[in-house]
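Participant:
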Amino acid sequence: SQTIHQWPATLVQPVGSPLSLECTVEGTSNPNLYWYRQAAGRGLQLLFYSVGIGQISSEVPQNLSASRPQDRQFILSSKKLLLSDSGFYLCAWTVVRLTGQVNTEAFFGQGTRLTVV
Amino acid sequence: QQQVKQSPQSLIVQKGGISIINCAYENTAFDYFPWYQQFPGKGPALLIAIRPDVSEKKEGRFTISFNKSAKQFSLHIMDSQPGDSATYFCAARSSNTGKLIFGQGTTLQVKP
Numbered sequence: 001s002q003t004i005h006q007w008p009a010t011l012v013q014p015v016g017s018p019l020s021l022e023c024t025v026e027g028t029s030n031p032n033l034y035w036y037r038q039a040a041g042r043g044l045q046l047l048f049y050s051v052g053i054g055q056i057s058s059e060v061p062q063n064l065s066a067s068r069p070q071d072r073q074f075i076l077s078s079k080k081l082l083l084s085d086s087g088f089y090l091c092a093w094t095v096v097r098l099t100g101q102v103n104t105e106a107f108f109g110q111g112t113r114l115t116v117v
Numbered sequence: 118q119q120q121v122k123q124s125p126q127s128l129i130v131q132k133g134g135i136s137i138i139n140c141a142y143e144n145t146a147f148d149y150f151p152w153y154q155q156f157p158g159k160g161p162a163l164l165i166a167i168r169p170d171v172s173e174k175k176e177g178r179f180t181i182s183f184n185k186s187a188k189q190f191s192l193h194i195m196d197s198q199p200g201d202s203a204t205y206f207c208a209a210r211s212s213n214t215g216k217l218i219f220g221q222g223t224t225l226q227v228k229p
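Chains as they are written, first to last, in my numbering: chain A, 1 to 117; chain B, 118 to 229.
#1: For the beta strand (DSSP E) that Gln198/B lies in, which residues bound it at each end?
#2: What separation, rounded to the nearest whole angstrom, lies between the Cα atoms of Ile138/B and Pro125/B?
#3: So Gln110/A contacts chain B; which residues on that side make the cut at Cβ distance below 7 angstroms?
#4: Using 10 angstroms around the beta-carbon of Ala39/A, count the other beta-carbons present and answer buried if the total reaches 16, otherwise exposed.
#5: Let me know if Phe74/A comes out buried or exposed under the rule of 16 or more other beta-carbons within 10 Å of its beta-carbon.
#6: Does DSSP put Ser212/B in a helix, in a strand, or in coil?
#7: Determine the burial state of Pro31/A: buried for a count of at least 16 other Cβ atoms within 10 Å of its Cβ, exposed for fewer.
#8: By alpha-carbon positions, which one of Gln198/B, Ser172/B and Leu164/B ends up nearest to Ser186/B?
#9: Please name the residue, chosen from Phe206/B, Gln226/B and Asn144/B, that lies closest to Phe219/B on a Cα-to-Cα basis.
#10: Determine, using beta carbons only, whether Ile181/B comes closer than 8 angstroms to chain A.
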């Protein structure tokens, strides 16, 4: 079965420090991978998505970057964190299923609660 | 730009009542419309989804109604239970890029 691992679960970092959040997927190959951010009381904002190794699309200009060094690994990074980077970060992946019709489900990790202080 | 608009932001329903959450989209190049349920501190989980060639889909107490001409879709939770208390997100998938665009979310509280 497919699973998604995201870590750490919680993180407290000072302003100006670097960031690295990692997400790995098991049980599937060539998934589409996504990083979302959920600010308190707000919806899910798409930050980055990737359709393959080394292929990253950025959705919003920001202080963050993403990389996909392996097919099932997606990393969210920052060189210098800002207070506004605080939030709940979610990694997700999608797969296209062929069961007569083409459907797409998105599977989310458990999220990382980042607090920048 | 917000391509999927969700309302209401919060909703309080009595146990046994019907919870209704609405979403509207702007881009006609969406081909899949899922709803996700999120409990505090957890990632969203797929609840139910619909394709645009279907006007309604029902799974247990959960029903999606889809109006393609109006570019609107809604989630109905029948016989709402306290365990349904969570944040609900609608989403739309771009047929061009495969990206899922989410609504702002609705926090549902079902009172016993």
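All C-beta atoms, glycine included, are put in the ideal place defined by N, C-alpha and C. Fair warning: this is a prediction, and the values are worked out from it, not measured in the lab.
Facilitator: According to the structure shown:
#1: Neither: Gln198/B is in no beta strand (DSSP E) and is coded neither H nor E.
#2: 7 angstroms
#3: Lys159 and Gly160
#4: Under this definition Ala39/A is an exposed residue.
#5: buried
#6: coil
#7: Classification for Pro31/A: buried.
#8: Nearest option by C-alpha distance: Ser172/B.
#9: Phe206/B
#10: Closer than 8 angstroms: no.
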